[in-house]
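If you read the protein sequences in the order shown, they are chains L, A and V.
In this text, residue positions in the first sequence follow full-length UniProt numbering: the first is 1, and each later residue adds one.
In this text, residue positions in the second sequence follow full-length UniProt numbering: the first is 1, and each later residue adds one.
In this text, residue positions in the third sequence follow full-length UniProt numbering: the first is 1, and each later residue adds one.
Each residue gets a CB set at the ideal place from its N, CA and C atoms; glycine is no exception.
Just below is one structure, and these are the notes that go with it.
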Amino acid sequence: MFTRNFRNICRRYSQSVTFRTTETSPVQQNDNQVGLFYTIEKDVCKKLFGHGGLPKSYMKQTKTFTETTLMIRQPALDVIDCIKASDLNKPAIRYVLYGETGTGKSLTLAHLIHYAHDAGFLIVHVPWVSEWLRRVPRHKEMSNSQTREGFVDLPLDAAAWLLHFKTQNQTLLKCGDLKISKDYVWSKREQTSAGAPLAELVEQGISRVKYACDVIDALVYEIKLLSNNKQCKTFVAVDGYNCFFYPMTRLNTPTKKKVKPEEVTLTTTFMELTKNDWTNGVIVLSVDQIAVPEDHQESYLPKYLLYKKGFEHLDPFVPVEVGRYSEKEFLSCASYYRDRLWLRGPEDLETELKLASACNPYKFMELCAPL
Amino acid sequence: MSVFIKYSKPGSLGAVFNVQVLWRFNSTTAESIRKEEDEEFRVLDILKKKDRQQKKQIRRADIQPDRADRMATDQNWGNVWPGPKTFHPSSVPLPIRQGYVPKGQAPPGKKANAELMKIPNFLHLTPPVIKTQCEAIKKYCTEWPKLLNSEETIEKHYPLEIISSDYCHASPTIRNPLARVVNLRIKLSSLNLDKRARDKFLRLIGDRYDEKTDLVTFIADRCPMRKQNLDYVNYLLTACYHESWSVEDWESEKTEEDMEYYDWNNNASKRSLVNWFLKCNNEEKELTDEEYKNFDISKIPNAEGYKNAVNSLMNDGECDATLKTYGSSVRKLLGLPEKKVT
Amino acid sequence: MRNLTNQLLLFKKYIHELNSFRAVIQSRCYSRPTSFPDYFQNPIFRKEDQLKLIENNELSKLASVPIKPPAVYETSSVYHDPLVNKVINHVMEEGKKKLARSLVEKAFENIKRIQIERYHLATTPEQKSKIVLNPKEILHTAIENCKPLLQLTPIKRGGITYQVPGPITEKRSLFLAIKWLLEAANEKERTVHFPEQFAWELLDAANNTGKVVKRKQDLHRQCEANRAYAHYRWQ
């Protein structure tokens with residue numbers, strides 16, 4: 001008798017748990033909505049994450065759920081509050097997201113990118129650094145840099161990133177307010193003159209893949225200059241940032257020489273961007289254990305993952321921990337899964353899953369899959 | 001009868017014997033017949049009760065009871081057993097048992113027990129005896145210095161401590177191999193080393209230093225005699241002490257990576273903080289290393305907390321607590337709102 | 001027509017036996033003798049079984065009886081299913097149970113994704129209500145649909161081996177159903193992964209279509225054709 005009553009109460013409770021919010025703009029979200037899911041509109045999602053940015057397993061979920069929803073969580077709100085409170089005329093503040101694997105660093109970053117998009121920032125987003133430095137398909141396009149001695153270019157990756165940059169900032173680039181400050185001569189016939197819109201520079205990089213890395217270099221320089229001149233405000237997001245500091249990449253030059261991350265032009269470019277010698281910008285980085293090989297995954301704390309070199313490069317930064325689900329977040333997530341038909345069965349399931357997953361979001365999702 | 005005599009040869013022994021036997025035979029038969037007539041009926045005594053009653057223990061009347069049993073309980077034991085002596089059962093009024101026996105049996109008692117006699121005993125060293133003996137030799141001792149009246153003063157004036165052990169045990173030899181081991185203990189603070197010398201001394205002695213008690217311990221057991229080991233530990237201490245004071249050329253080449261201590265003032269962290277501060281105030285300046293080092297951070301608000309946080313993060317290692325203090329100090333420095341506690 | 005009614009009768013008989021089906025899977029049969037003597041009882045690890053014991057007041061009887069420790073796969077977890085365990089054990093090769101488990105779970109995940117997609121594609125509520133979303137339910141119906149009711153045994157008479165039809169035990173038919181499903185799932189292109197193929201096979205079998213159900217029907221047809229030899233079973 002008691003158990004039946006208890007079950008009824010549970011059922012009623014689980015149905016009454018609200019897990020959705022209609023507040024779709026991250027600019028408006030506040031602490032009352034912690035643990036609730038909000039939907040990203042389809043066209044915005046395609047614009048921001050069409051060329052990567054969301055984890056693969058999450059993309060699969062969005063397909064099954066027929067919508068892209070993100071949970072509003074404390075770390076993202078925390079960073080948004082900080083961005084709102086900070087003075088943009090001061091040097092750019094670096095935020096470092098850290099946490100165990102599967103706690104949602106990348107999704108927090110995605111949430112922040114959505115915020116930046118809504119708040120009108122120019123977004124410079126690197127979806128996953130290891131894609132450049134550690135993933136080596138059979139034919140990785142590599143070439144020695146023309147402009148800088150002893151450096152290695154990754155033209156295809158660079159061009160793909162430029163495309164990503166273009167789609168993410170299409171509205172800002174279309175306005176044409178952003179102009180280039182100086183002439184760039186690529187070859188005898190090709191050059192981008194001063195005063196041309198920024199979009200032209202990006203187009204140049206996409207159409208002439210050979211110069212893509214140099215274009216990114218120029219682009220970063222211009223973005224910093226534009227931000228300093230208060231023509232735009234910039235939001236830099238890099239996922240798996242600590243990969244830049246792992247002593248070796250998996251790349252090999254054609255002469256079978258191992259490449260260090262410092263010898264890749266893209267690394268130096270983004271190092272330049274993550275310095276705090278420019279204003280009107282926000283830099284959000286995430287450090288991830290799985291961005292580096294297994295021999296350096298003992299801890300998830302930022303100093304360990306960034307090495308001393310990376311720590312000194314970023315210092316002073318604001319560490320933001322992305323933790324496991326709290327009680328409330330777990331319940332709301334479970335009821336969301338139930339709503340999306342992902343989770344079925346008796347109410348006791350939640351207690352067991354909570355114990356088995358230890359409130360780790362990714363683990364929870366995985367455990368729900370075969371049920 | 002006459003027939004027998006007639007035919008016997010005189011002078012032959014055998015013949016005589018035969019004759020006698022025969023004669024006796026004849027006579028006994030005659031006698032037995034006569035006894036049967038006058039004696040009573042003999043009872044067949046199978047259990048031989050009569051013989052048993054007859055056996056009587058014969059005791060000597062002049063044997064004294066055991067001396068141990070007769071001793072007074074309040075006697076002066078020191079007088080009974082004044083010096084080292086082999087065990088004697090009658091002198092020791094104790095129910096001692098000693099010896100190896102199969103399981104379940106009691107060990108043999110003290111009388112005629114070789115086991116007890118083999119081992120050296122300390123029956124002459126009872127506490128009251130020792131006390132009296134100490135009293136007796138007290139007049140030859142010098143007085144304890146009056147100023148050494150507390151542990152601290154003793155430690156101050158005699159910081160060196162030598163520990164060795166003597167062993168008493170049952171074995172054919174009185175020497176124990178462990179008796180040669182010599183421990184030397186000294187407080188590191190009593191050596192009065194400066195910072196560099198202390199660092200070098202610690203590196204020289206390795207794990208012989210205990211941080212909790214501040215004690216340096218040398219243990220020597222490599223020589224066969226205690227005297228040699230004692231000399232050796234003294235030599236070790238002296239050598240390490242003097243070696244730690246000497247400065248080698250290569251010691252000046254020590255860099256940041258070799259130091260186990262992170263000094264914020266000459267590190268990149270301070271440089272980036274100063275740069276950030278200058279940038280905030282729109283001052284563009286190129287500073288030299290020396291200027292960076294000597295930059296006064298009290299001008300920067302909340303910089304002191306930040307400095308401490310970085311120091312603890314670097315020196316105490318990275319953990320949740322140090323990272324949290326680092327985060328909150330950075331937020332204070334940059335003027336950001338505190339993290340909300342959920 | 002008569003054959004069909006015959007089969008139906010047989011089928012009813014087997015439905016009746018379904019209740020004993022649970023016992024078939026849950027009983028522990030060891031190929032080798034265990035370290036426990038025979039008087040050790042099997043553990044009762046499901047909460048509902050324990051509740052039943054308490055209701056029938058049989059718990060006190062068990063209190064003094066020695067009981068084997070439960071195996072790792074015998075849990076009181078909410079999502080414990082003896083049939084799923086059985087399938088996992090059939091998928092397992094060389095004792096790599098973790099791998100086998102992950103493969104079966106991935107297959108379940110695929111089934112679930114396919115079914116949810118269908119659910120969202122369905123327009124009317126009636127169609128939606130028809131779609132089974134629970135992958136375990138699909139596995140159960142799939143195996144039920146694949147179980148043969150008759151079997152052929154080779155019997156030698158007069159120098160000729162006849163394929164003689166006969167009844168099949170519950171255990172054997174379960175074994176054949178799982179075996180056929182796995183064989184069908186392993187007949188695939190090299191580029192297709194096992195979980196995907198297995199998911200498709202299960203869905204097909206649950207729909208009463210596909211390779212495995214056809215194989216079952218072939219067997220039944222063969223039995224029907226060899227009806228004339230049936231007397232060899234006892235002659």
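Taking 8 Å as the CB-CB limit, is residue i close to chain L?
{"i": "A:Tyr-241", "result": "no"}
{"i": "A:Leu-340", "result": "Here residue 340 of chain A turns out to be Lys, not Leu, going by the sequence shown. With 8 Å as the cut-off, A:Lys-340 counts as an interface residue toward chain L."}
{"i": "A:Gly-327", "result": "yes"}
{"i": "A:Val-330", "result": "yes"}
{"i": "A:Leu-334", "result": "yes"}
{"i": "A:Glu-318", "result": "yes"}
{"i": "residue 343 of chain A", "result": "Since the first residue of chain A shown is 1 and the last is 342, residue 343 of chain A is not available in this structure."}
{"i": "V:Ile-143", "result": "no"}
{"i": "V:Leu-133", "result": "yes"}
{"i": "A:Ser-298", "result": "no"}
{"i": "V:Glu-229", "result": "The sequence shown places Tyr at residue 229 of chain V, rather than the Glu named in the question. Judged by the 8 Å Cβ criterion, V:Tyr-229 is not in contact with chain L."}
{"i": "V:Ile-116", "result": "yes"}
{"i": "V:Ser-77", "result": "yes"}
{"i": "A:Tyr-215", "result": "According to the sequence as given, residue 215 of chain A is Leu; it is not Tyr. No, its Cβ sits nowhere closer than 8 Å to a Cβ of chain L."}
{"i": "A:Trp-276", "result": "yes"}
According to the Cβ coordinates, are residue i and residue j closer than 8 Å?
{"i": "V:Lys-136", "j": "V:Asp-81", "result": "yes"}
{"i": "L:Val-79", "j": "L:Tyr-58", "result": "no"}
{"i": "L:Asp-157", "j": "L:Ser-143", "result": "no"}
{"i": "V:Arg-233", "j": "V:Val-164", "result": "yes"}
{"i": "A:Ser-91", "j": "A:Val-101", "result": "no"}
{"i": "V:Lys-68", "j": "V:Asn-89", "result": "no"}
{"i": "L:Ser-335", "j": "L:Phe-19", "result": "yes"}
{"i": "L:Pro-75", "j": "L:Glu-321", "result": "yes"}
{"i": "A:Asn-183", "j": "A:Ser-171", "result": "no"}
{"i": "A:Ala-197", "j": "A:Ser-252", "result": "no"}
{"i": "L:Leu-133", "j": "L:Leu-251", "result": "yes"}
{"i": "L:Leu-178", "j": "L:Pro-197", "result": "yes"}
{"i": "V:Phe-194", "j": "V:Ala-184", "result": "no"}
{"i": "V:Ala-122", "j": "V:Ala-199", "result": "no"}
{"i": "L:Phe-65", "j": "L:Arg-340", "result": "yes"}
{"i": "L:Pro-26", "j": "L:His-111", "result": "yes"}
{"i": "L:Leu-70", "j": "L:Tyr-38", "result": "yes"}
Does the beta carbon of residue i sit closer than 8 Å to a beta carbon anywhere in chain D?
{"i": "L:Asn-276", "result": "Note that chain D does not occur in the displayed structure, where the protein chains are L, A and V."}
Rounded to the nearest angstrom, how far is the Cβ of residue i from that of residue j, given a contact under 8 Å?
{"i": "V:Leu-203", "j": "V:Ile-114", "result": "7 Å"}
{"i": "L:Met-271", "j": "L:Lys-258", "result": "L:Met-271 to L:Lys-258, Cβ: 20 Å. No contact."}
{"i": "L:Tyr-241", "j": "L:Val-287", "result": "6 Å"}
{"i": "A:Tyr-209", "j": "A:Leu-188", "result": "7 Å"}
So is residue i in contact with chain V if we call contact Cβ pairs under 8 Å?
{"i": "L:Arg-138", "result": "no"}
{"i": "L:Pro-316", "result": "no"}
{"i": "L:Arg-344", "result": "yes"}
{"i": "L:Pro-370", "result": "yes"}
Taking 8 Å as the CB-CB cut-off, is residue i touching chain A?
{"i": "L:Ala-85", "result": "yes"}
{"i": "L:Ile-93", "result": "yes"}
{"i": "L:Gln-29", "result": "no"}
{"i": "L:Asp-157", "result": "no"}
I'd like the ranges of any beta strand (DSSP E) spanning at least 3 consecutive residues and lying wholly in the segment 94 to 142 of chain L. Positions of the beta strand (DSSP E) runs, each at least 3 residues long and wholly inside the segment 94 to 142 of chain L, are given as 122 to 126 in order along the chain.
Fill in: the segment 229 to 249 of chain L contacting the segment 113 to 131 of chain L, beta-carbon criterion three pairs below 8 Å
Contact holds: three or more Cβ-Cβ distances are below 8 Å.
Margin query: Quick check for students: name the residue ranges of the alpha helix (DSSP H) that lie wholly in the segment 291 to 368 of chain L, counting only runs of 4 or more.
Written below: 302 to 314, 327 to 339, 348 to 357 and 361 to 368
Practice problem: Assess, as a yes-or-no matter, whether the segment 44 to 52 of chain L is touched by the segment 97 to 108 of chain L under the definition of 3 or more beta carbon pairs within less than 8 Å. | Solution: no
Flag this pair as touching only if the segment 139 to 153 of chain A and the segment 112 to 124 of chain A have three or more C-beta atom pairs under 8 Å; answer yes or no.
-> no
Can you list, in chain order, the stretches of the beta strand (DSSP E) that have 3 or more residues and sit fully within the segment 133 to 194 of chain A?
-> 161 to 164 and 182 to 187
Between the segment 202 to 220 of chain L and the segment 162 to 179 of chain L, do at least 3 Cβ pairs fall closer than 8 Å?
yes
Check: Taking one C-beta from the segment 274 to 293 of chain A and one from the segment 307 to 321 of chain A each time, how about it: are there three or more such pairs within less than 8 Å?
Finding: no
4 or more residues per run - each alpha helix (DSSP H) lying fully within the UniProt domain "Small ribosomal subunit protein uS7" (73 to 227) of chain V: 82 to 91, 97 to 121, 125 to 130, 135 to 146, 170 to 186, 194 to 206 and 211 to 225
Exercise. If we count Cβ pairs, one from each stretch, closer than 8 Å, do we get three or more for the segment 292 to 311 of chain A versus the segment 319 to 334 of chain A?
Worked result: The segment 292 to 311 of chain A vs the segment 319 to 334 of chain A: in contact.
Can you list the alpha helix (DSSP H) stretches of 4 or more residues lying completely in the segment 26 to 68 of chain L, in chain order? Inside the segment 26 to 68 of chain L, DSSP marks whole alpha helix (DSSP H) runs of 4 or more residues at positions 42 to 49 and 56 to 65, from first to last along the chain.
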